[in-house]
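Taking it in order: structure first as structure tokens, then the write-up.
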Amino acid sequence: MLLIPCPYCGPRSEEEFSYGNEAHIPRPKQPDKLDDAEWAEYVFMRSNTKGVFLERWMHAQGCRRWFNVARDTVSYEILAVYEIGAPRPELELRRDV
Amino acid sequence: MVEAYLRQSALAHLGLEGRGAGARGAAGVAMSERPHRGIVNLRLDPGNAEAMAALKAAFGFALPAAANTSAGNTDTIALWLGPDEWWLVVPGPEPEAGPALAEKLRAALSGHFAAVTEVGESRTCIRVAGPRARALLQKGCPLDFHPRAFVAGACAQSILAKAAVTFHLFADESAAQAGAEGPVFDVYVARSFAEYLWAWLEDAGAEYDVAVVA
Ligand SMILES: [Zn+2]
Numbered sequence: 002m003l004l005i006p007c008p009y010c011g012p013r014s015e016e017e018f019s020y021g022n023e024a025h026i027p028r029p030k031q032p033d034k035l036d037d038a039e040w041a042e043y044v045f046m047r048s049n050t051k052g053v054f055l056e057r058w059m060h061a062q063g064c065r066r067w068f069n070v071a072r073d074t075v076s077y078e079i080l081a082v083y084e085i086g087a088p089r090p091e092l093e094l095r096r097d098v
Numbered sequence: 018m019v020e021a022y023l024r025q026s027a028l029a030h031l032g033l034e035g036r037g038a039g040a041r042g043a044a045g046v047a048m049s050e051r052p053h054r055g056i057v058n059l060r061l062d063p064g065n066a067e068a069m070a071a072l073k074a075a076f077g078f079a080l081p082a083a084a085n086t087s088a089g090n091t092d093t094i095a096l097w098l099g100p101d102e103w104w105l106v107v108p109g110p111e112p113e114a115g116p117a118l119a120e121k122l123r124a125a126l127s128g129h130f131a132a133v134t135e136v137g138e139s140r141t142c143i144r145v146a147g148p149r150a151r152a153l154l155q156k157g158c159p160l161d162f163h164p165r166a167f168v169a170g171a172c173a174q175s176i177l178a179k180a181a182v183t184f185h186l187f188a189d190e191s192a193a194q195a196g197a198e199g200p201v202f203d204v205y206v207a208r209s210f211a212e213y214l215w216a217w218l219e220d221a222g223a224e225y226d227v228a229v230v231a
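From first to last, the protein sequence lines stand for chains E and U. According to this note's numbering, the stretch in the first sequence is residues 2 to 98, in order. According to this note's numbering, the stretch in the second sequence is residues 18 to 231, in order.
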């Protein structure tokens, strides 16, 4: 069970959260100009990172806010949490995992 | 709003008043329903100093700014729900409390960007008190209910036995009005979950002995 530090409520159990997959995927500015391959890229394709992954979580049973989490997908260690719209955090990338 | 003469609490069919012992006695937990509270959900940017000041003038206390805290007086309680979201609660069962509270908020916030939504009819409140209240709630919730972690005035939205609830520690062990009676939690729950949650609490509390009080 992860202990996720909600940027608003503080550390809470994973049970209270729902997962929103990869962060920093901007919605197309002109959706009507996209062809099928570009739509597929936007809707379906994710990086499936081994290591530090930037992902979205929502505090569904708490403050109901979305926020971003930097999590190591190997160790499950949470390295940073930051608000939606904030820039990517500068992280020391671990190379031993 | 519901006509007052049609109004039934979410747990009315359990006949709790008929079981009510009046006092906790030797039981480790005392439970009661505190129905029909006026509850208004408020969305407002806390950076709007003018609106925050207007609310302070109207209610006599400032909205709590810190996460998981509450503020208030005997008439109204404000619970922090999120960085721009609060509940205002009138703890009494007066049937007009919710609309009057919403009206008071709308008047104070006139001209400001805010949302005032009455939600009291969708909830009921189960009061869980007594020296084993913390142990009982801890069985079904991942929050830390230790007296050092969850102090008087603390509030939190979380889950209790999988039901979405809002906790408010009305008074803790150190409070004069609680004294030896132990901590007093108000557990707000959607009325459709109320019977389930009451049954779960009674079952989980059996080992501490649960008294139904008035
Ligand atoms: Zn939160």
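Where a beta carbon is used, it is the ideal one built from N, C-alpha and C, also for glycine.
Whole-angstrom distance between ALA124 of chain U and ALA114 of chain U, CA atom to CA atom:
15 Å
Closer than 8 Å between beta carbons: that is the criterion. Which residues of the region 4-37 of chain E meet it against chain U?
TYR9, CYS10, GLY11, ARG13, SER14, GLU16, GLU17
On the DSSP letters alone, give me the boundaries of the alpha helix (DSSP H) that VAL75 of chain E sits inside.
Taken as a continuous stretch (DSSP letters only), VAL75 of chain E belongs to no alpha helix (DSSP H), as it is neither H nor E.
Beta carbon of ARG66 of chain E: closer than 7 Å to some heavy atom of ligand 1?
yes
Range of the contiguous alpha helix (DSSP H) that encloses TYR43 of chain E
37-44
CYS158 of chain U beta carbon near ligand 1 (any heavy atom closer than 7 Å)
no
Is GLY63 of chain E near ligand 1, with its Cβ less than 7 Å from a heavy atom?
yes
Look at ALA88 of chain U and ALA74 of chain U and say whether their C-beta atoms are less than 8 Å apart.
no
Mind checking GLN31 of chain E: buried by the 16 CB within 10 Å criterion, or exposed?
exposed
For GLN62 of chain E and TYR9 of chain E, what's the separation of their Cα atoms in angstroms?
13 Å
List the endpoints of the continuous alpha helix (DSSP H) containing ASP203 of chain U.
Careful: ASP203 of chain U lies outside any alpha helix (DSSP H), inside the beta strand (DSSP E) at 201-207.
Using a Cβ-based criterion (distance less than 7 Å to any ligand heavy atom), does TYR205 of chain U qualify as near ligand 1?
no
What is the DSSP secondary structure of GLN174 of chain U, counted as helix, strand or coil?
strand
If I follow the unbroken beta strand (DSSP E) through ALA228 of chain U, where does it start and stop?
227-229
What residues in its chain sit with their C-beta under 6 Å from that of GLY147 of chain U, if we drop five residues either side in the sequence?
ARG41, GLY45, VAL46, ALA47, GLY199
Please name the residue, chosen from E:ASN69, E:GLU91, E:VAL75, that lies closest to PHE18 of chain E on a Cα-to-Cα basis.
E:ASN69
Give the residues of chain U in contact with ARG57 of chain E, contact being defined as C-beta atoms less than 9 Å apart.
Per Cβ cutoff of 9 Å: no residues; ARG57 of chain E is ~17 Å from chain U at best.
Kindly list, in the order they appear in chain A, the residues whose Cβ is closer than 9 Å to that of GLY99 of chain U.
The structure shown contains no chain A; the protein chains it does contain are E and U.
Who are the Cβ neighbours of ARG57 of chain E in its own chain at under 8 Å, not counting the five residues just before and after it?
TYR20, GLY21, ASN22, GLU23, ALA24, TRP67, PHE68, ASN69, VAL70, ILE85
So is SER175 of chain U buried or exposed if we call it buried at 16+ other beta carbons inside 10 Å?
buried
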